[in-house]
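J.: This note's numbering puts the sequence shown at residues 1 to 125. Note that the Cβ used here is the ideal one computed from N, Cα and C, for glycine as well.
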Amino acid sequence: MERHRQIIYFKDYFLDFFDQQTEKVKEKIDYVLFVVTVADRIPQKFFQHLEGTNGLYEIRVEFQGNIYRIFCCFDEGQVVVLFNGFQKKSQKTPSGELDKAVNIMNEYFDEKLKQKQNESKKSKK
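The following block contains the structure:
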């Protein structure tokens, strides 16, 4: 299968969440991440933009009645950057988790901008 997207992890936020899950939940998360990379159009049941945010999405994973969410964003088109994840216990996304994801996304783009500025300074020397 051809991959339409690449997934990268920003720091250890996602991996810390992933490591805490059971093997069966990890398998389901891996499956959904695979779908995100190969689907021409990602099914909405797996992937949704979060209203009121500037480019933040959630990857949706359901397993045995439990709901898991992984926050992410796009960078440079087809790269999906994974941030933090959590097990959802109510219909509404907890504001603390959402705020954390927005802060991580801002941190990601701030670090990327600083890296580009440093590369630009080096190339001018």
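(1) Pair every Cβ in the stretch 7-15 with every Cβ in the stretch 72-85, then say whether three or more of these pairs are closer than 8 Å.
(2) Can you tell me the Cα-Cα spacing of residue 33 and residue 54, whole angstroms?
(3) Rank 50, 39, 9, 29 by C-alpha distance to the C-alpha of residue 2 and give the top, closest one.
(4) With 16 other CB atoms within 10 Å as the buried threshold, where does residue 79 fall?
(5) If you draw a straight line from the alpha carbon of residue 140 to that of residue 22, how long is it in whole angstroms?
(6) Looking at C-alpha atoms only, which residue of 25, 52, 49 is the closest neighbour of residue 86?
(7) Please identify the residue among 108, 123, 58, 122 whose C-alpha is closest to the C-alpha of residue 92.
(8) Would you list the residues sitting across from residue 80 in a DSSP beta bridge?
(9) Classify residue 54 as helix, strand or coil using the three-state DSSP reduction.
(10) Could you tell me the boundaries of the beta strand (DSSP E) in which residue 46 lies?
T.: According to the data block:
(1) The stretch 72-85 and the stretch 7-15 touch, with three or more beta-carbon pairs separated by less than 8 Å.
(2) 22 Å
(3) It is 39 whose Cα lies nearest to the Cα of residue 2.
(4) exposed
(5) No information on residue 140 is available, as it lies outside the stretch 1 to 125 that the chain covers here.
(6) 25
(7) Residue 92 has its Cα closest to that of 58, out of 108, 123, 58, 122.
(8) 7, 74
(9) coil
(10) Here residue 46 belongs to no beta strand (DSSP E), and DSSP marks it neither H nor E.
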